[in-house]
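The next block holds one structure in the form of structure tokens; read it before the comments.
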Amino acid sequence: MDRLLVVGAGPKAMAVAAKAHVLRELGLPAPQVIVVESHAVGGNWLPSGGWTDGQHRLGTSPEKDVGFPYHSTWTRGRNRAINEAMLAFSWTSFLVERGAYAEWVDRGRPSPQHYLWAKYLQWVARKADIELVLGTVRKISAAADGWLVSVIDADGVVTEIDTDRLMITGPGNSRRALADHPAVLSIADFWDRAGRRQLPVSSRAAVIGGGETAGSVVDELVRHDVLSIVAISPAATIYTRGESFFENSLYSDPARWRALSIEERRDVVRRTDRGVFSVRVQENLVGDSRVHHLQGRVVRVAGQGEGVALTLRNERRPDQVHTFDLVVDATGGQPLWFLEMFDADAADLVELAIGGPITHARLEASIGHDLAVMGLETKLYLPNLAGLAQGPGFPNLSCLGELSDRVLVAAPVRTGSGARASAATLEK
Ligand SMILES: Cc1cc2nc3c(=O)[nH]c(=O)nc-3n(C[C@H](O)[C@H](O)[C@H](O)COP(=O)(O)OP(=O)(O)OC[C@H]3O[C@@H](n4cnc5c(N)ncnc54)[C@H](O)[C@@H]3O)c2cc1C
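Start counting the sequence shown at 3; every next residue gets the next number (my numbering).
See below:
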């Protein structure tokens, strides 16, 4: 049987597993989906995942759930049945089952707190009866006709799983910080200490990053005893994610995306996704005179007594040095985090497919319609890198239903010699 292994049990894994379940129930072909998760289903939306305290709210509507936009393009003649069956996994079905739907509507359809979103994902996992392997993916190797994935569990037991196709999700490590200094906190340290009300006492705090991760941190810091909070990002200002129809429609429906030039696509992402705080976070912060923005890329972090000096670089301007007594590294995920799991042969295969050493730019340009790396015989799906090539909604929660269609529709080419054949070519 065709097998698809997904690293990480977040929304993308749930979307693909639920759609595969629905396809099977309708008698349509679907791979066996195995999800490997180091922590818990929806782990990155729980305080223990290190990206949130679980109390902050989703920036996007929860109706952008695992089936959204309910416009299946999987197969002619059966799409309506697929859409209807997927509605059983929707956010509103979750609320109906919990008896909470009317209250949610009457309260004006609020965005749920992150922990509740994790509960929704766990409900999807149970309902779709997903095959979950609890453990951490440590190593990914090229196998005879697919990938060999080594998983280590909490007791240190290593299991090797053979898979035809592989999908990587998630942002990587939340414990990484820009510098090893007691006044510099990783995002995980920050949420851990904020939850215990044990943030270091500070008068001048800096939050590095202009995205949703940084937005949540600033939104939390204003509730603590801090004299000033500076958000540092390379853009001229911090934009608000507009959430207008015109902006959102590009996220929900990527059909028009490929008609745009690369410059136009970068422009949309820059204005709507990168360096952007959600409307709600902006509304919370606008009245707080302690919050400011500083433009620049942090190029140097130096300890200065108990505090830290940050050097900020802007083109055509001299570097500036600012000191802080608390710095939070909220720059967000590392797009290529998964490469540290790839052994040399597996990395060689990717290099061969993308035509040179692995860089962010090369990989994101190589993502095909099915969200996999083009030119790689054994499927490697990288939806988090699909924004530029395929649509800005694929890395986030904006079109999980479309994502699952794209991933599941493509049956892998089974030559029997798959990844190894390419490896042999490389060695010549
Ligand atoms: C604070 C915050 C708020 C956000 N709010 C929004 C929002 O409102 N709307 C939106 O569209 N996007 C939002 N995002 C972006 C969000 O990250 C993505 O939209 C989405 O969660 C990504 O889903 P995912 O399935 O790729 O991964 P995740 O939900 O991040 O799941 C990845 C999973 O992989 C697991 N894992 C990691 N490494 C391994 C390993 N080696 N082996 C096994 N398992 C592993 C983790 O434990 C985790 O459970 C937010 C991000 C942050 C940080």
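Ideal Cβ positions, reconstructed from N, Cα and C, are used throughout, including at glycine.
No experiment lies behind these values; they were computed from the predicted model shown.
As assigned by DSSP and simplified to three states, the class of residue i
{"i": "TYR72", "result": "coil"}
{"i": "ALA156", "result": "coil"}
{"i": "PHE1", "result": "Beyond the ends of the chain as shown, which are 3 and 430, falls residue 1; an answer cannot be given."}
{"i": "ALA19", "result": "helix"}
{"i": "ALA421", "result": "Any reading at ALA421 is ruled out, since the residue's pLDDT is 43, under 50, leaving its predicted position unreliable."}
{"i": "GLY298", "result": "coil"}
{"i": "GLN434", "result": "Look at the range of the chain in this structure, 3 to 430, and you will see that residue 434 is not part of it."}
{"i": "THR242", "result": "strand"}
{"i": "VAL24", "result": "helix"}
{"i": "SER113", "result": "coil"}
{"i": "ALA185", "result": "coil"}
{"i": "LEU387", "result": "helix"}
{"i": "PRO414", "result": "Unreliable positioning characterises PRO414 in this predicted model, as indicated by a pLDDT of 49, which lies under 50. The coordinate reading is nonetheless provided below. Coil."}
{"i": "THR161", "result": "strand"}
{"i": "GLY309", "result": "strand"}
{"i": "MET3", "result": "coil"}
{"i": "ILE132", "result": "coil"}
{"i": "ASN316", "result": "strand"}
{"i": "LEU428", "result": "Since pLDDT at LEU428 reaches only 31, below the 50 mark, its modelled position is unreliable, and no value is offered."}
{"i": "LEU351", "result": "helix"}
{"i": "SER406", "result": "helix"}
{"i": "LYS14", "result": "helix"}
{"i": "GLY197", "result": "helix"}
{"i": "ASP147", "result": "coil"}
{"i": "MET376", "result": "coil"}
{"i": "ALA208", "result": "strand"}
{"i": "LEU1", "result": "Within the shown structure, residues of the chain are numbered from 3 to 430, placing residue 1 beyond reach of any answer."}
{"i": "THR138", "result": "strand"}
{"i": "ALA102", "result": "coil"}
{"i": "ARG441", "result": "Within the shown structure, residues of the chain are numbered from 3 to 430, placing residue 441 beyond reach of any answer."}
{"i": "VAL9", "result": "strand"}
{"i": "THR333", "result": "coil"}
Same chain only: Cβ atoms within 8 Å of residue i, ignoring 5 sequence neighbours per side
{"i": "VAL224", "result": "ILE231, ASN286, LEU287, ASP290, ARG292, VAL293"}
{"i": "ILE360", "result": "LEU338, LEU341, ALA349, VAL352, GLU353"}
{"i": "VAL18", "result": "LEU6, VAL8, VAL35, MET169, LEU405, SER406, VAL409, LEU410"}
{"i": "TYR117", "result": "TRP47, LEU48, PRO49, GLY56, GLN57"}
{"i": "LEU25", "result": "PRO31, ALA32, TRP76, ILE84, LEU410"}
Chain-order list of residues whose beta-carbon lies under 6 Å from that of residue i (same chain, five-residue window excluded)
{"i": "HIS226", "result": "LEU201"}
{"i": "SER368", "result": "ILE356, VAL375, MET376"}
{"i": "GLU222", "result": "ALA196"}
Assigned exposure category for residue i - 16 Cβ within 10 Å defines buried
{"i": "ILE356", "result": "buried"}
{"i": "PHE340", "result": "buried"}
{"i": "LEU382", "result": "buried"}
{"i": "ASP194", "result": "buried"}
{"i": "SER246", "result": "exposed"}
{"i": "GLU39", "result": "buried"}
{"i": "GLU2", "result": "Residue 2 lies beyond the residue range present for the chain, which begins at 3 and ends at 430; the question has no answer from this structure."}
{"i": "HIS23", "result": "buried"}
{"i": "SER92", "result": "buried"}
{"i": "VAL68", "result": "buried"}
{"i": "GLN322", "result": "exposed"}
{"i": "GLU366", "result": "buried"}
{"i": "VAL264", "result": "The sequence shown places Ile at residue 264, not Val. With fewer than 16 Cβ atoms within 10 Å of its Cβ, ILE264 is classed as exposed."}
{"i": "ARG260", "result": "exposed"}
{"i": "SER205", "result": "exposed"}
{"i": "PHE344", "result": "buried"}
{"i": "GLY101", "result": "exposed"}
{"i": "VAL301", "result": "exposed"}
Nearest residue (CA-CA) to residue i, options the options
{"i": "LEU405", "options": "ASP191, ARG109, ALA257", "result": "ALA257"}
{"i": "ARG299", "options": "ARG315, VAL186, GLY305, GLN306", "result": "ARG315"}
{"i": "HIS183", "options": "THR274, ALA87, LEU328", "result": "LEU328"}
{"i": "ARG433", "options": "THR380, GLY393, LEU97", "result": "Since the first and last residues shown for the chain are 3 and 430, residue 433 lies out of range."}
{"i": "ASP147", "options": "CYS401, LEU378, GLY389", "result": "LEU378"}
{"i": "GLU203", "options": "PHE326, PRO71, GLN336, VAL37", "result": "The amino acid occupying residue 203 in the given sequence is Val; Glu does not appear at that position. That would be PHE326, whose Cα lies nearest to the Cα of VAL203."}
{"i": "GLY158", "options": "VAL139, GLY172, LEU150, ARG78", "result": "VAL139"}
{"i": "ARG80", "options": "LEU28, HIS41, GLY101, GLN115", "result": "LEU28"}
{"i": "ASP372", "options": "GLN284, ALA179, PHE396", "result": "PHE396"}
{"i": "PRO33", "options": "THR165, PRO71, HIS73, ASP4", "result": "ASP4"}
{"i": "LEU89", "options": "PRO71, GLY12, GLY358, ALA15", "result": "PRO71"}
{"i": "ALA87", "options": "VAL310, LYS21, ASP269, VAL228", "result": "LYS21"}
{"i": "ALA181", "options": "LEU312, ALA233, ARG78, GLU105", "result": "LEU312"}
Own chain partners of residue i with C-beta closer than 7 Å, once the 5 adjacent residues on each side are dropped
{"i": "THR333", "result": "ILE210, GLY211"}
{"i": "SER280", "result": "GLY61, GLU214, GLY217, ARG243"}
{"i": "PHE192", "result": "VAL219, VAL330"}
{"i": "GLY305", "result": "HIS183"}
{"i": "THR239", "result": "HIS295"}
Any chance you could list the beta strand (DSSP E) runs of at least 3 consecutive residues sitting entirely within the segment 34-74, in chain order?
Fully enclosed beta strand (DSSP E) runs of 3 or longer: 34-39.
Sequence ranges, beta strand (DSSP E) only - wholly within the segment 255-302, length at least 3
293-297
Kindly provide the ranges of any beta strand (DSSP E) runs that are 3 or more residues long and lie completely inside the segment 213-238, ordered along the chain.
The segment 213-238 contains these whole beta strand (DSSP E) runs: 230-235.
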